[in-house]
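Trainee:
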Ligand SMILES: NC(=O)c1ccc[n+]([C@@H]2O[C@H](COP(=O)([O-])OP(=O)(O)OC[C@H]3O[C@@H](n4cnc5c(N)ncnc54)[C@H](O)[C@@H]3O)[C@@H](O)[C@H]2O)c1
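Pasting the structure below:
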């Protein structure tokens, strides 16, 4: 059976579209003929994203919204269904570490600011669960759809200094399996839920810990590259086709999977 990799004409909701990874995937989706609904909490970045997506006739609309606010997500879902009649794809990309969620090299875990732990775990975990509840409900009614979550290398093995981020991204991997199972059992085999686990890509959330102000590599990024067999950071565009594949009919029997896109980081023991 020859299945299509096409996402043309599909309605794709992308949270965190004002950021590095979300914005880039949104551009790729527009280039592939998808209709994009961009959601981000930062108005300026969202406006810039929508400007780029629509510049050459792409079909995109934006909502300033908080993935932790279920009511505002419900309002967005109702407007999307009114405009385009359906929601085919949800990319849960909003998330990331917070600067204060990273323990300083000499900091003690026992003194970790609890408020930061709560902020980073809530954003990454609940910020994936709540949009899945709201937009996933539309998919359940349609009996079709594809949800992609964003986990991390931290889901495979411990990454120092980022306890909250690691715990939450591991939870995202587990929730992906849980929701994949729930959707298939209750709503049929045309609703799939998968996750990607990006390796190291330079984004706003991690730039300061990977790149020194003078542009040189930090001690941490030297360690990252030492454990990456491909010996480089990912190029942000290297996520595009993997996400497209998982959303397309070509992946019709894939659900509950966690796909590493990491230059081999998760495969390599370091020895
Ligand atoms: N960059 C990497 O190397 C890397 C690696 C693994 C995983 N990730 C994950 O990929 C995702 C995107 O990362 P990025 O590098 O593009 O980060 P980014 O900071 O550039 O983008 C994240 C976007 O999410 C938005 N956002 C934050 N809180 C929000 C909220 N409550 N509601 C709505 N929007 C909100 C931000 O405004 C921002 O535009 C994150 O989940 C991150 O954890 C990134």
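Numbering (my numbering), first residue to last: 830 to 1100.
Glycine included, C-beta positions come from ideal geometry on N, C-alpha and C.
#1: Does the Cβ of residue 1061 have 16 or more other Cβ atoms within 10 Å, making it buried, or fewer, making it exposed?
#2: Whole angstroms is fine: what's the gap from residue 863's alpha carbon to residue 847's?
#3: Given this structure, state the Cα-to-Cα distance separating residue 901 from residue 873, to the nearest angstrom.
#4: Once you ignore the five residues that flank residue 1078 on each side, which residues in its own chain have a CB closer than 6 Å to its CB?
#5: In the DSSP assignment, the alpha helix (DSSP H) including residue 891 goes from what residue to what residue?
#6: List the residues that DSSP assigns as beta-bridge partners of residue 1027.
#7: My guess is that residue 1010 and residue 1087 are in contact by the Cβ rule of under 8 Å, so how many angstroms apart are they, rounded?
#8: Please indicate yes or no: does the CB of residue 971 lie closer than 8 Å to some heavy atom of ligand 1?
#9: Using 8 Å as the cut-off, classify the Cβ of residue 976 as near or not near the heavy atoms of ligand 1, replying yes or no.
#10: Take residue 1076 and list the residues in its own chain whose beta-carbon comes closer than 6 Å to its own, dropping the five residues that flank it on each side.
#11: According to DSSP, residue 842 sits in a beta bridge with which residue or residues?
#12: By how many angstroms is the C-alpha of residue 843 removed from the C-alpha of residue 851?
#13: To which residues of the same chain is residue 1066 closer than 7 Å at the C-beta, ignoring the five residues directly before and after it?
#14: In or out: residue 1000 buried (at least 16 other Cβ within 10 Å) or exposed?
#15: Give the DSSP-derived three-state secondary structure of residue 1046 in the structure shown.
#16: Less than 7 Å between C-beta atoms, sequence neighbours within five positions excluded: which residues of the same chain meet that for residue 1059?
#17: Can you tell which of 977, 1084 and 840 has its C-alpha closest to the C-alpha of residue 1025?
#18: Is residue 982 close to ligand 1? I mean its beta-carbon at under 8 Å from any heavy atom of the ligand.
#19: Look up residue 1040 in the DSSP assignment and give the residues it is bridged to.
#20: Just tell me which of 980, 943 and 920 has its CA closest to the CA of residue 965.
#21: Measure the Cβ-Cβ separation of residue 1055 and residue 1028 and say whether it is below 9 Å.
#22: What residues match up with residue 975 in a beta bridge as DSSP calls it?
#23: Look at the alpha carbon of residue 1023 and the alpha carbon of residue 970, and state the distance between them as a whole number of angstroms.
Mentor: Looking at the coordinates:
#1: Taking the first residue of the chain shown as 1, we reach residue 1061 at position 232. Exposed, by the Cβ-count rule.
#2: Taking the first residue of the chain shown as 1, we reach residue 863 at position 34. Taking the first residue of the chain shown as 1, we reach residue 847 at position 18. Going from the Cα of residue 863 to the Cα of residue 847 covers about 17 Å.
#3: Counting from 1 along the chain shown, the entry for residue 901 is found at position 72. Counting from 1 along the chain shown, the entry for residue 873 is found at position 44. One C-alpha to the other measures close to 19 Å.
#4: Within the chain shown, the letter at position 249 stands for residue 1078. Closer than 6 Å at the Cβ level, and outside the excluded window around residue 1078, lie 832 and 833.
#5: Counted from its first residue, the chain shown places residue 891 at position 62. Residue 891 -> not in any alpha helix (DSSP H); beta strand (DSSP E) instead, spanning 889–893.
#6: Locating residue 1027 in the chain shown gives position 198, where the first residue counts as 1. DSSP output for residue 1027 lists 1090 as bridge partner(s).
#7: Along the chain shown, read from residue 1 onward, the residue named residue 1010 stands at position 181. Along the chain shown, read from residue 1 onward, the residue named residue 1087 stands at position 258. Not quite, the Cβ-Cβ distance comes to about 14 Å (not below 8 Å), so this is no contact.
#8: Counted from its first residue, the chain shown places residue 971 at position 142. The answer is no for residue 971.
#9: Numbered from its first residue, the chain shown carries residue 976 at position 147. No; taking the cut-off as 8 Å, the Cβ of residue 976 has no heavy atom of ligand 1 nearer than that.
#10: Along the chain shown, one-based indexing puts residue 1076 at 247. Here the set comprises 836, 918 and 975.
#11: Here residue 842 corresponds to residue number 13 of the chain shown, with the count starting at 1. Answer is 866 and 919, bridged to residue 842.
#12: Sequence index remark: in the chain shown, residue 851 carries index 22 (1-based). Sequence index remark: in the chain shown, residue 843 carries index 14 (1-based). Looking at the two C-alpha atoms, the distance is approximately 7 Å.
#13: In the chain shown, counting from the first residue as 1, residue 1066 sits at position 237. Same-chain partners within the cutoff: 853.
#14: The count along the chain shown starts at 1 and reaches residue 1000 at position 171. Looking at its Cβ environment, which holds 16 or more other Cβ atoms inside 10 Å, residue 1000 is buried.
#15: Residue mapping note: residue 1046 aligns to position 217 of the chain shown, counting from 1. If DSSP states are grouped into helix, strand and coil, residue 1046 belongs with the strands.
#16: To locate residue 1059, count along the chain shown from 1; it is residue 230. Taken in chain order, the residues that qualify are 1092 and 1093.
#17: Your numbering for residue 1025 matches position 196 in the chain shown. When each option's Cα is compared against that of residue 1025, the closest is 977.
#18: Position 153 of the chain shown holds residue 982. Yes.
#19: Mapped onto the chain shown, residue 1040 falls at position 211. DSSP output for residue 1040 lists 1046 as bridge partner(s).
#20: Locating residue 965 in the chain shown gives position 136, where the first residue counts as 1. The shortest Cα separation from residue 965 among 980, 943 and 920 belongs to 920.
#21: As a working mapping, residue 1055 is identified with position 226 in the chain shown. As a working mapping, residue 1028 is identified with position 199 in the chain shown. No.
#22: Within the chain shown, the letter at position 146 stands for residue 975. According to DSSP, which records beta bridges pairwise, residue 975 is partnered with 918 and 1021.
#23: Residue mapping note: residue 1023 aligns to position 194 of the chain shown, counting from 1. Residue mapping note: residue 970 aligns to position 141 of the chain shown, counting from 1. Computed Cα separation, rounded: 19 Å.
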